[in-house]
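Number 254 marks the last residue of the sequence shown (my numbering); no jumps. C-beta atoms are modelled at their ideal positions from N, C-alpha and C, and glycine is treated no differently. Here's the structure, in structure tokens; my notes come after.
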Amino acid sequence: MEAMRNRLSWLFVIVVLSGMAISGFLKELALTESVEIQLTVFAAYFRCALVFVVAVFVVTSVAREFNDKGVELLLALAIPRSVYLLGKLSGFLLLALLPIALFAGLLVFFTSVERSLMWSLTLLCEVWIVSAFALLCVLSFPQVMIALSATMGFYVVSRSISSLLLIANESQSDAWMSQFLVAGLVKVLAIILPHLDRFAASDSLVYALMSGAQIGSLLMQTCLYMVLLISAALFDFHRKNL
13 MEAMRNRLSW LFVIVVLSGM AISGFLKELA LTESVEIQLT VFAAYFRCAL
63 VFVVAVFVVT SVAREFNDKG VELLLALAIP RSVYLLGKLS GFLLLALLPI
113 ALFAGLLVFF TSVERSLMWS LTLLCEVWIV SAFALLCVLS FPQVMIALSA
163 TMGFYVVSRS ISSLLLIANE SQSDAWMSQF LVAGLVKVLA IILPHLDRFA
213 ASDSLVYALM SGAQIGSLLM QTCLYMVLLI SAALFDFHRK NL
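Here it is in structure tokens:
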């Protein structure tokens with residue numbers, strides 16, 4: 013209901029229409045593979061916009077309830093903190109499901125049903141991980157901008173971690189000590205962070221179809237990070253003095 017009050021449905025419609033306009037314009041400029049370019053740009057635009065919108069909604073929604081003392085009123089009704097937090101997270105996860113399902117139906121006009129379903133499933137996993145991290149950030153940091161900046165930083169680094177790791181490995185030959193330290197830091201981040209660049213890959217829509225093993229690996233990665241992030245959020249929420 014909160015999403016309906018904030019008219020998020022209209023925002024998603026604007027995102028889809030603007031994505032279609034931008035990708036259609038680039039299609040007309042392309043000399044070759046115009047349909048492939050239109051599809052990849054459209055999908056990438058929708059993915060980035062959806063992640064940003066959902067992250068902003070998660071952070072602002074929870075922060076508003078804390079500022080309005082709504083959380084204190086709910087917990088005064090003897091509702092366990094874990095039930096409240098898991099209920100909020102479930103709502104955020106369901107929020108991402110509807111626009112992705114509608115976008116998957118739209119992708120059928122550009123690519124096969126199998127490619128559309130696989131890409132949409134991995135996008136859903138990606139948005140769920142970002143939503144859980146955004147919830148953890150808004151519980152850990154008192155200000156909305158700090159929580160949102162941390163969430164976006166997490167997403168950008170996780171999305172580009174494979175490229176950063178490749179650069180770090182290439183720069184280790186004939187490198188200074190500082191470069192070795194940076195390369196070591198990147199390798200640690202590659203172990204800790206999810207590899208979101210493997211989720212909702214644009215090339216899976218037009219070129220190589222994702223295999224069952226790849227889908228299974230991404231689902232396992234999603235389950236692992238969801239459990240870790242939810243556990244951290246529950247721990248942080250239980251130690252708060254409300």
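Sub-9 angstroms separation of residue i and residue j beta-carbons
{"i": "Ile34", "j": "Ala42", "result": "no"}
{"i": "Leu217", "j": "Phe145", "result": "no"}
{"i": "Pro111", "j": "Leu177", "result": "no"}
{"i": "Val156", "j": "Thr72", "result": "yes"}
{"i": "Gly31", "j": "Tyr57", "result": "yes"}
{"i": "Leu119", "j": "Leu51", "result": "yes"}
{"i": "Ser102", "j": "His250", "result": "no"}
{"i": "Leu201", "j": "Ile158", "result": "no"}
{"i": "Leu205", "j": "Ser170", "result": "yes"}
{"i": "Leu241", "j": "Ile141", "result": "yes"}
{"i": "Thr134", "j": "Met222", "result": "yes"}
{"i": "Glu138", "j": "Arg59", "result": "yes"}
{"i": "Phe24", "j": "Leu114", "result": "yes"}
Inter-residue CB distance, residue i and residue j (contact presumed, cutoff 8 angstroms)
{"i": "Leu105", "j": "Ser143", "result": "6 angstroms"}
{"i": "Leu136", "j": "Ala108", "result": "6 angstroms"}
{"i": "Leu29", "j": "Val53", "result": "With a Cβ gap of about 14 angstroms, Leu29 and Val53 do not count as contacting."}
{"i": "Val198", "j": "Ala180", "result": "4 angstroms"}
{"i": "Ala116", "j": "Ser214", "result": "Wrong, their Cβ atoms sit about 15 angstroms apart, outside the cutoff."}
Cutoff 9 angstroms: residue i Cβ touching any chain C Cβ
{"i": "Val218", "result": "Among the chains in the structure shown there is no chain C, since it carries only a single protein chain."}
Decide yes or no for the touch test of the stretch 228-243 against the stretch 203-214: beta carbon pairs closer than 8 angstroms, at least 3 of them. Yes: at least three Cβ pairs fall under 8 angstroms.
Is it a yes or a no for the stretch 157-164 touching the stretch 59-68, going by three-plus beta-carbon pairs under 8 angstroms? Segments in contact, yes.
Within the stretch 91-138, note down every full beta strand (DSSP E) run reaching 3 residues or more, in order along the chain. Fully enclosed beta strand (DSSP E) runs of 3 or longer: not present.
Can you list the alpha helix (DSSP H) stretches of 4 or more residues lying completely in the stretch 133-221, in chain order? Correct list: 156-171, 173-182, 189-204, 215-218.
Can you list the alpha helix (DSSP H) stretches of 4 or more residues lying completely in the stretch 38-73, in chain order? Entirely contained in the stretch 38-73, not one alpha helix (DSSP H) run reaches 4 residues.
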